[in-house]
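Residue numbers (the numbering used here): 158 to 268. Notes follow once the structure below has been shown.
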């Protein structure tokens, strides 16, 4: 439709054919599966794949540039340090729990 411009300054709003597609609203990275495998499995896979493709904080150089190289192998793209972690997540739930309990024991031993 035509805009509300004056004379030669009349603007034209973009036609629907020229606007970019909205892409996905809910499915995200699991849109590649279409309607297959069921909603709950796709949601589970989405959580895993988003975690494995995201960048994590590097304890060595202090930048958010740790990426997954292979299952359980994580490498910082800035400083080049490689470290072992979870298959899909850099820090697994059990490693976080272990780290917090070690910190708590260390603090109680210092008192």
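Quick reminder that beta carbons are idealized off the backbone N, C-alpha and C, glycines included.
Do residue i and residue j have their C-beta atoms within less than 7 Å of each other?
i	j	result
residue 224	residue 212	yes
residue 216	residue 186	no
residue 191	residue 181	no
residue 245	residue 208	yes
Would you mind sorting residue i into buried or exposed? The rule is 16 or more other CB atoms within 10 Å of its CB.
i	result
residue 194	exposed
residue 233	buried
residue 201	exposed
residue 260	exposed
residue 263	exposed
If you run the structure through DSSP and keep just helix, strand and coil, what is residue i?
i	result
residue 267	helix
residue 207	helix
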